[in-house]
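This report refers to the structure that appears directly beneath it.
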Amino acid sequence: MNVLLSKFTTKHDTAPFSQIKNDDYAPAIQEGITLAKAEIDTIVNNPEAPTFENTIVAMDYAGDILDRASSIFFNLNSAETNDEMQKIAQEVSPLLSEFGNDIRLNPELFARVKAVYDSRESLSLTPEQVTLLDKKYKSFSRNGANLAEDKKNKLREIDKELSKLSLQFGENILAETNAFQMHLTDEKDLAGLPEGTIEAARFLAKAQEKEGWIFTLDHPSYVPFMTYAKNRELRKKLAIAFGARGFQKNEFDNHEIVLKIAKLRFERAQLLGYETHAHFVLEERMAESPEKVFSFSHNLLAKAKPAAQKEFAELQAFAKETDGIETLEKWDGGYYAEKLKQKLFDFDDEKLKPYFQLEKVLNGAFTIAEKLYGLTFTEVSDIDKYHPEVMTYEVTDEKEDLVAIFYADFFPRKGKRNGAWMTSFKSQYVKDGINERPHVSNVCNFTPPTESKPSLLTFNEVTTLFHEFGHGLHGMLANTTYPSLSGTSVYWDFVELPSQVMENWCYEPEALALFATHYQTGEVIPMEYVNKIKESASFQEGLATMRQLSFGLLDMGWHGQDPTAITDVKAFETEQFAATQLYPEVAENAMSTAFSHIFQGGYSSGYYSYKWAEVLDADAFEYFQEYGIFNKEVATKFKENVLSKGGTEHPMILYKRFRGQEPKPDALLKRAGLL
Numbered sequence: 167m168n169v170l171l172s173k174f175t176t177k178h179d180t181a182p183f184s185q186i187k188n189d190d191y192a193p194a195i196q197e198g199i200t201l202a203k204a205e206i207d208t209i210v211n212n213p214e215a216p217t218f219e220n221t222i223v224a225m226d227y228a229g230d231i232l233d234r235a236s237s238i239f240f241n242l243n244s245a246e247t248n249d250e251m252q253k254i255a256q257e258v259s260p261l262l263s264e265f266g267n268d269i270r271l272n273p274e275l276f277a278r279v280k281a282v283y284d285s286r287e288s289l290s291l292t293p294e295q296v297t298l299l300d301k302k303y304k305s306f307s308r309n310g311a312n313l314a315e316d317k318k319n320k321l322r323e324i325d326k327e328l329s330k331l332s333l334q335f336g337e338n339i340l341a342e343t344n345a346f347q348m349h350l351t352d353e354k355d356l357a358g359l360p361e362g363t364i365e366a367a368r369f370l371a372k373a374q375e376k377e378g379w380i381f382t383l384d385h386p387s388y389v390p391f392m393t394y395a396k397n398r399e400l401r402k403k404l405a406i407a408f409g410a411r412g413f414q415k416n417e418f419d420n421h422e423i424v425l426k427i428a429k430l431r432f433e434r435a436q437l438l439g440y441e442t443h444a445h446f447v448l449e450e451r452m453a454e455s456p457e458k459v460f461s462f463s464h465n466l467l468a469k470a471k472p473a474a475q476k477e478f479a480e481l482q483a484f485a486k487e488t489d490g491i492e493t494l495e496k497w498d499g500g501y502y503a504e505k506l507k508q509k510l511f512d513f514d515d516e517k518l519k520p521y522f523q524l525e526k527v528l529n530g531a532f533t534i535a536e537k538l539y540g541l542t543f544t545e546v547s548d549i550d551k552y553h554p555e556v557m558t559y560e561v562t563d564e565k566e567d568l569v570a571i572f573y574a575d576f577f578p579r580k581g582k583r584n585g586a587w588m589t590s591f592k593s594q595y596v597k598d599g600i601n602e603r604p605h606v607s608n609v610c611n612f613t614p615p616t617e618s619k620p621s622l623l624t625f626n627e628v629t630t631l632f633h634e635f636g637h638g639l640h641g642m643l644a645n646t647t648y649p650s651l652s653g654t655s656v657y658w659d660f661v662e663l664p665s666q667v668m669e670n671w672c673y674e675p676e677a678l679a680l681f682a683t684h685y686q687t688g689e690v691i692p693m694e695y696v697n698k699i700k701e702s703a704s705f706q707e708g709l710a711t712m713r714q715l716s717f718g719l720l721d722m723g724w725h726g727q728d729p730t731a732i733t734d735v736k737a738f739e740t741e742q743f744a745a746t747q748l749y750p751e752v753a754e755n756a757m758s759t760a761f762s763h764i765f766q767g768g769y770s771s772g773y774y775s776y777k778w779a780e781v782l783d784a785d786a787f788e789y790f791q792e793y794g795i796f797n798k799e800v801a802t803k804f805k806e807n808v809l810s811k812g813g814t815e816h817p818m819i820l821y822k823r824f825r826g827q828e829p830k831p832d833a834l835l836k837r838a839g840l841l
């Protein structure tokens, strides 16, 4: 009996993780494909004329068993993987890619969709139905439905190969991250490090039955070491190891994979009649074209670069004056920036950590969601988890109706990829009059508790928690009819608005008072610290903006032009970074070979969207500030026009309905101190 193939008998239809065996995944996905194909055949062979209901709606609800099984599998392959799961991923990814193409390249199915699309003017559809029809039609027209048979076959080959390559890319990065450890036995090497970081490193060594301290490339270990460790040689060792992931001419090398992915994406775009992969992707984004992205990025760069150069010169002079450093290297940036911040603002991130106990910060996010959107989060123990560290919550509204199930998974471990993300195990949709509620998850890699201390977060981790929680709210408050338009199923350069806007509450005294209390004394964070958080918020914002823009421009470099002549990843990258480079080049490092966002995640031709969404978020939060950051009326407008609407209408229409006007970049430039 394969539990993934029958209706779950669990509370709220949650995933029965403890009953799922690795052996269940491949058969469930294969059977799910068979069942979904049968549903599609029923639509194709329907003797009645194609209608919106019997074709477009029927397609959107088809394949629910497959969707459920594959979302559970791929979510766990990111958060709780092992060698066996990685093998299964390599096996099922090409099958899923082929199945996707079987649908998109099915001429009879396309003929029915086209018949409905061509008669759309006479159908009196709602805005949501218009969007669904448009999306379904484009999923064919943009993915080869109009191609000749030989070209369709070529497209299938490319897609199969791409799905394998991006999986391999991610597995290589995870292997490289896990393979490196810096084992220290001399206490002198720990100079400058915070007590909590030292304790966590000792805890790790102890777990491996070793003396001393172990540091890794996981962010809660890597970031504090690069920020506080006095020993420059060890910072260099760790930084080079981090930057060399996927670039070491070993079995986990991603050099060729990057070149292959970029070239296959280009070939695919050309096959479909687009100039480049970026032209293909951006047609379905707010930005619309590579030209607009370049123009947006270069306009921001023109404002940020003078500030970044000035900040870099200050940092260089400070490092020279402090320690006689002649050349500021990449492994010096974080260390001297922290020292300079302490000097300028008499402010140390370590002083803040006791006020940011993970449980309290999380409860603070819950309280803010309650004040804004009337949500209550109740931790429950009768919902299955995929790992003991995962926390499970029922989310209810003011009427005590279930809004969502929320999973929170916060600490690094061997089978979990680095970074932080939001995902879902079940989407929201309405079927047969029942509003199926979503099951949403936040997965992060925060500073874990130690033997003597709870998990105390850096301020950066606090904003990360709020960021992912913002994505979570977008998923949890979804209230649409059709599954493919629900929650975060929006244009990629709009998806970061709900997440980034949430970060703003971390800087507000009124919000901080709700959760920033000392983990031992219960004292609320002192006002002088709050002022320093606000004062230092735009510290080195020029450098930070330029760094973000450099990543976006590298992404556009790979995807916004013909990459077929590129043979050397490092040389190409150096060329792309020329306009934004300040630090000396590190020969042993490359960014692209570990740039998971664009070669493994969904951000190819989309990394610019972080900055794009910052314009939206600064403009949106300015509206909250005008009326009070907990103003119910503004919050309700945001919930009803943005958070609950998913991708049911064009994002600019939704934004203007919330804000009353198009976003202006001035709010962002003002916040960043770049005006």
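For the sequence shown, my numbering begins at 167 and goes up steadily by one. Don't be surprised by glycine CBs; every beta carbon is placed ideally from N, CA and C.
Where the alpha helix (DSSP H) through residue 391 begins and ends: First-last of the alpha helix (DSSP H) with residue 391: 385-394.
Option in 650, 642, 723, 287 with minimal Cα separation from residue 567: Put simply, of 650, 642, 723, 287 the residue whose alpha carbon is nearest the alpha carbon of residue 567 is 642.
Neighbourhood of residue 318 by C-beta, 7 Å cutoff - its chain only, sequence neighbours within 5 removed: Only 271, 310 meet the Cβ criterion.
Residue 213 versus residue 222: straight-line alpha-carbon distance, rounded: Note on geometry: alpha-carbon atoms of residue 213 and residue 222 lie some 15 Å from one another.
Proximity winner among 230, 247, 250, 278, relative to residue 217 (alpha-carbon distances): By alpha-carbon distance to residue 217, the top candidate from 230, 247, 250, 278 is 278.
DSSP three-state assignment for residue 691, whether helix, strand or coil: Correct three-state label for residue 691: coil.
Same chain only: Cβ atoms within 6 Å of residue 231, ignoring 5 sequence neighbours per side: The answer, listed in chain order, is 198, 201.
Exposure label - residue 728; buried when at least 16 CB within 10 Å: Of the residues assessed, residue 728 falls on the exposed side of the cut-off, its CB having fewer than 16 other CB atoms within 10 angstroms.
Beta-carbon separation (whole angstroms), residue 709 vs residue 474, contact threshold 8 Å: Going by Cβ atoms, the distance from residue 709 to residue 474 rounds to 5 Å, so yes, they are a contact pair.
Residue range of the unbroken alpha helix (DSSP H) whose run includes residue 296: First-last of the alpha helix (DSSP H) with residue 296: 293-307.
Segments of 4+ residues assigned as alpha helix (DSSP H) that fall wholly inside the region 582-611: Look at the region 582-611 and you find no whole run of alpha helix (DSSP H) that is 4 residues long or longer.
Span of the beta strand (DSSP E) around residue 711: No beta strand (DSSP E) holds residue 711; the alpha helix (DSSP H) holding it covers 707-725.
DSSP beta-bridge partners of residue 232: DSSP lists no beta-bridge partner residue for residue 232.
Opposing strand residues paired with residue 381 [DSSP bridges]: According to DSSP, which records beta bridges pairwise, residue 381 is partnered with 348.
Three-state secondary structure (DSSP) of residue 872: A question about residue 872 goes unanswered here, because the residues of the chain that appear run from 167 up to 841.
Pick from 298, 343, 470, 451 that is closest to residue 838, judged by C-alpha positions: In terms of Cα proximity to residue 838, the closest of 298, 343, 470, 451 is 470.
Backbone CA spacing between residue 734 and residue 720 [nearest angstrom]: Residue 734 and residue 720 have their C-alpha atoms roughly 14 Å apart.
Minimum C-alpha distance to residue 621 - residue among 502, 520, 302: Checked all of 502, 520, 302; the closest Cα to residue 621 is 520.
Chain C within 8 Å of residue 358, Cβ atoms only: Structure shown: chain C not included; a single protein chain is present.
Whole-angstrom C-beta distance between residue 554 and residue 384, which should lie under 8 Å: That belief does not hold up - the Cβ atoms of residue 384 and residue 554 are roughly 19 Å apart, past 8 Å.
Contact under 8 Å by Cβ, residue 559 with residue 545: Judged by beta-carbon spacing, residue 545 lies within the 8 Å limit of residue 559, meaning their Cβ atoms are closer than that value.
Contacts around residue 505, its chain only, beta-carbon distance under 8 Å, and the 5 residues preceding and following it disregarded: Apart from the 5 residues on each side of it in sequence, residue 505 sits with its Cβ closer than 8 Å to the Cβ of 484, 488 in its chain, given in chain order.
6 Å Cβ shell around residue 646 - same chain, five flanking residues per side excluded: Same-chain partners within the cutoff: 652, 812, 814.
Alpha-carbon spacing of residue 204 relative to residue 322, whole angstroms: About 20 Å.
Where the alpha helix (DSSP H) containing residue 489 begins and where it ends: Element bounds for residue 489: 456-489.
Residue 571 in three-state terms, based on DSSP: Correct three-state label for residue 571: strand.
Residue 667 - DSSP class collapsed to helix/strand/coil: Looking at residue 667 - three-state DSSP - the assignment turns out to be helix.
Burial state of residue 393 (16 or more Cβ within 10 Å): Burial call: buried.
Rounded straight-line distance, which links the Cα of residue 707 to that of residue 691: The alpha-carbon of residue 691 is positioned some 24 Å away from that of residue 707.
Classification of residue 637 by the beta-carbon crowding that lies within 10 angstroms, buried from 16 upward: It counts as buried.
Selected residue, minimal CA-CA separation from residue 375, among 236, 349, 305, 629: Out of 236, 349, 305, 629, 349 has the C-alpha closest to the C-alpha of residue 375.
DSSP beta-bridge partners of residue 557: In the DSSP output, where bridge partners are listed per residue, residue 557 has 574.
Pairwise C-alpha distance: residue 391 and residue 718: About 27 Å.
Selection from 283, 551, 239 that minimises the alpha carbon distance to residue 262: Across the set 283, 551, 239, the C-alpha of 239 shows the shortest separation from the C-alpha of residue 262.
Cβ shell of residue 597 (< 8 Å), same chain only, five flanking positions each side left out: Counting only Cβ-Cβ distances below 8 Å, and skipping sequence neighbours, we find 227.
Continuous alpha helix (DSSP H) stretch holding residue 630: start and end: Looking at the DSSP string, the run of the alpha helix (DSSP H) that includes residue 630 is 625-642.
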